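Counting in this note's numbering, the sequence shown runs from 302 upward without gaps. Yeah, the Cβ is synthetic: ideal placement off N, Cα and C, and Gly gets one too. Here the structure is a predicted model, which means the values were calculated and not measured. Read through the structure below, which is laid out as structure tokens, and then see the notes.
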Amino acid sequence: MAPRRKCPVCGSRQWHKEPSSGLVTCSEGHVLQARTPNYRNETREVTELGPHAVRKRTLRSQRKKQERLTNADPKLYHGERARYHYFQCLQVILRMQVAALTRLWQLPPEFEKVCRDLWALHLSLLPNPPSPEPLLHMKDTGADDQSSEVATNERRGKHAKKRESGESDRDDYDKSGSSSSSSSSESEESGQDSELDRLMRENSESPSSDDEAQTESRKDRSAHVSKKKRTFGRGNFDEPASTISVLVVACWTLRLPVMYMDFVRLIESYDLPYLDALRLLPETMVRHLRKQTVQALSPHYPPTPLHLHTLTARLAKLLYSTHDIYTPEMNASPILWKAVRTLQGPPTLYVMTKKLAHAVSIPLTLHRSLAPELVRKKKSDPAYHKHDSAVPEVALIAAVIVVMKMVYGLDGKPRRPREKTDPACALPALPELLRAIQDAEAADVKHAPAHSLEMNRRYFRSALDMDDKMLDEYLVFCEKALLPREDRLPPRNATTDQFPLGRPSRPPTPTGPSNQAQPTEEECFHGANMAANSIDTKSDTLRPGEQYTIYNTQDILGSLPDDMDLVVARAARWAGVDDAYLCGVVERFERRVVRWWDTAKRREREKRAAASE
């Protein structure tokens with residue numbers, strides 16, 4: 302290999318040849334002298350073109366793209382028009398639900414007016430409210446696409462808004478500078494020069510054709526992704542369960558003692574239109590629904606109480622924060638009495654639970670923002686307790702369980718009162734109380750309807766396990782749940798002649814928020830002849846309230862005692878929640894009782910100290 306020459310100026314041995322000019326230069330930029338002068342010969346004559354070509358920027362094209370032909374069904378609605386039609390279907394279903402509840406529970410006519418106003422407020426409080434116009438005039442025009450683009454732009458995030466605001470500020474700054482320069486030029490030059498300046502400015506600000514193509518491709522991809530992810534009534538607050546939340550808020554407004562399970566039972570029995578509600582809608586509305594909208598309007602299962610409480614609490618909170626509409630507290634007395642009767646408790650247990658709930662401030666509102674804040678003595682004190690937004694009926698029956706744990710322990714250790722003045726003397730003995738709860742469970746299974754999802758899931762009941770009476774009830778239920786409306790029934794044929802649908806005359810069963818065509822209170826209550834707690838004066842016997850055990854719900858490997866497990870399972874089925882959720886609410890209330898008791902004892906000691914001084 303030949304030795305490299307040194308640069309006579311800097312002494313570098315690193316050389317490279319420039320592809321455009323052919324000159325050999327060192328690492329410092331000195332040109333190699335090979336019988337040539339020590340300077341570059343630069344001319345205006347182009348002998349070789351470099352790798353980068355200059356492209357002239359062009360103005361944005363003003364021509365419209367030709368619309369592509371499509372084979373889509375013109376009867377099906379898409380975009381914002383489909384979303385508006387979706388809310389129309391929900392509104393018709395809500396009207397059917399209001400009529401059904403008014404008939405079943407014998408509600409006053411004011412209930413329909415309250416539901417109508419709440420539905421209008423609910424639509425206005427959605428994250429993306431529907432358009433106020435019916436969108437019918439956009440059928441044969443291209444305004445539907447424009448409205449969908451406007452709605453897509455409105456659904457952009459906060460970062461996009463900040464970016465747009467920054468760009469608009471820069472544009473305003475550029476426009477202000479250009480306007481000042483143009484005003485000065487107008488005073489010096491003619492109107493033709495100002496027009497030329499404006500055209501040149503637009504030419505300089507307009508992007509190139511490649512940039513325009515890339516921007517349009519990115520917009521098309523983002524629009525395609527957003528349209529692909531967009532579904533109706535899934536993961537949002539505009540799902541069919543939102544109509545049930547409107548009904549719940551209306552019932553609370555009228556101070557009706559309702560529970561979420563009251564609505565769930567009516568939905569399971571198909572007395573309240575919710576499952577397969579498309580068969581009840583008019584044919585003129587169903588024919589415009591596309592596949593995604595049909596799926597959104599056809600839920601397979603009733604909503605859970607926790608999901609209903611989430612939607613209802615959000616609606617009540619927004620009504621108060623936005624329109625200053627206060628939803629009153631729960632009508633707790635009938636619900637608390639039902640909770641006590643569910644656990645086979647006497648009226649004494651009801652009174653004790655009511656005092657405990659008042660002492661620990663159990664919330665009875667749909668959302669914690671509707672309740673007054675706690676008194677803060679320090680800045681670090683919280684404004685509300687944890688589980689203040691729990692399901693109200695779960696909070697009530699959790700308070701009943703706390704009182705039962707105070708009296709009985711429910712840990713396998715017997716507890717008996719020692720004095721006649723102890724309220725535990727008016728309560729039944731624990732063995733008889735547990736036996737009454739087991740009898741109530743057996744009675745619920747016996748009187749459960751054939752269509753009950755919970756009973757069929759727990760006991761795997763099929764048609765082979767039904768007697769003649771249950772089969773007749775199940776056939777009547779199938780006739781009510783599966784057949785379409787009477788105006789859609791097929792004409793008379795051989796099937797209807799051989800197997801006519803007879804309508805047996807049955808006496809109307811009184812139903813209501815507290816009596817959902819279930820067994821009467823005398824049939825459900827099995828503790829009428831229970832013996833009371835006996836007094837034990839022995840010193841080694843545990844008294845009610847001693848050795849109180851608080852079970853940690855975070856301990857996934859732990860298990861509850863048999864007595865506690867029976868009571869919790871019965872209460873959770875009554876409220877329609879999971880056992881773990883109920884145990885969590887019970888634990889929070891127990892720790893709140895401990896804090897309340899410590900505060901009461903500290904105040905008592907302070908009073909004694911002040912009196913002694």
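Are there 16 or more other CB atoms within 10 angstroms of the CB of residue i, so buried, or fewer, so exposed?
i    : result
C390 : buried
P431 : buried
S484 : With a pLDDT of only 44 at S484, under the threshold of 50, the placement of this residue in the model should not be trusted, and no figure is reported.
L784 : exposed
E540 : buried
W898 : exposed
P558 : buried
S425 : exposed
R471 : Reliability of the predicted coordinates at R471 is poor, the pLDDT of 46 falling under 50, and the value obtained from them is presented with this limitation in mind. It counts as exposed.
N853 : exposed
I636 : buried
D856 : exposed
N372 : exposed
T900 : exposed
T654 : buried
L697 : buried
S690 : buried
G534 : Low confidence applies here, because G534 scores a pLDDT of 49, under 50, leaving its location unreliable; read the following figure in that light. G534 comes out buried.
G478 : Residue confidence for G478 is low, a pLDDT of 46 falling below 50, so the modelled location carries little weight; the figure read from the coordinates is stated next. Exposed, by the Cβ-count rule.
S860 : exposed
Can you round the beta-carbon distance between residue i and residue j to whole angstroms, since I take them to be within the 8 Å contact cut?
i    : j    : result
L728 : L867 : Actually they do not touch by this definition, with Cβ atoms about 17 Å apart.
L619 : V550 : Rounded, the Cβ-Cβ distance is 11 Å, inconsistent with contact.
R871 : I663 : Not really, about 20 Å apart at Cβ, beyond 8 Å.
V886 : V641 : The pair is not a contact, with the Cβ atoms about 17 Å apart (cut-off 8 Å).
T838 : P724 : No, T838 and P724 are not in contact; Cβ-Cβ is about 18 Å, not under 8 Å.
W420 : L402 : So it is not a contact: roughly 14 Å between Cβ atoms.
S753 : E569 : 7 Å
G877 : P606 : 4 Å
D572 : L405 : 6 Å
Looking at the secondary structure, which residues open and close the beta strand (DSSP E) in which residue i lies?
i    : result
V399 : Segment G380 to W406 is the alpha helix (DSSP H) holding V399; no beta strand (DSSP E) there.
K318 : W316 to K318
Per DSSP, which one or two residues make a beta bridge with residue i?
i    : result
T326 : H317 and V332
A833 : P729
L590 : Bridge partners of L590: none, in fact.
R716 : L843
Please report the residue range of the alpha helix (DSSP H) in which residue i lies.
i    : result
G885 : D880 to S913
V694 : It should be noted that the sequence gives Glu, not Val, for residue 694. E694 -> alpha helix (DSSP H) spans P693 to Y709.
I568 : Y561 to E569
I545 : A542 to T554
R642 : A633 to T643
P648 : P648 to A660
F412 : E411 to S425
F778 : D769 to L783
H624 : P606 to H624
K869 : At residue 869 the sequence reads Val, which differs from the Lys that was named. Start and end: D863 to A876.
Report the residue from the options whose alpha carbon sits nearest the alpha carbon of residue i.
i    : options                   : result
T850 : P648, V704 and D577       : V704
V587 : R909, R369, L424 and V393 : V393
H668 : P845, G713, S622 and H317 : S622
H686 : S670, L697, V695 and M397 : S670
V595 : D577, Y602, L612 and L609 : D577
R566 : L582, D539, P603 and G380 : P603
V746 : D766, P732, E733 and L731 : D766
T643 : I702, L665 and D689       : I702
R892 : C311, S599, A700 and S425 : A700
L581 : S322, H589 and M397       : M397
M865 : P732, T842 and L776       : P732
I299 : L579, V415, T544 and A373 : Nothing in the structure corresponds to residue 299, since the chain is present only between 302 and 914.
N429 : T554, V676, K680 and F388 : F388
T628 : V547, P583, R591 and E674 : V547
P718 : W638, N834 and A660       : N834
N632 : C552, P409 and T722       : C552
A614 : D879, P693 and K376       : P693
P750 : L555, A912, Y775 and L858 : Y775
G271 : F412, R306 and S313       : For the chain, the structure presents residues 302 to 914; residue 271 sits outside this window and is missing.
T666 : G846, A744 and E630       : E630
V895 : L377, R384, A660 and G380 : A660
CB of residue i to nearest heavy atom of the ligand MN: below 7 Å?
i    : result
R893 : The ligand MN is absent from the structure shown, which contains no ligand whatsoever.
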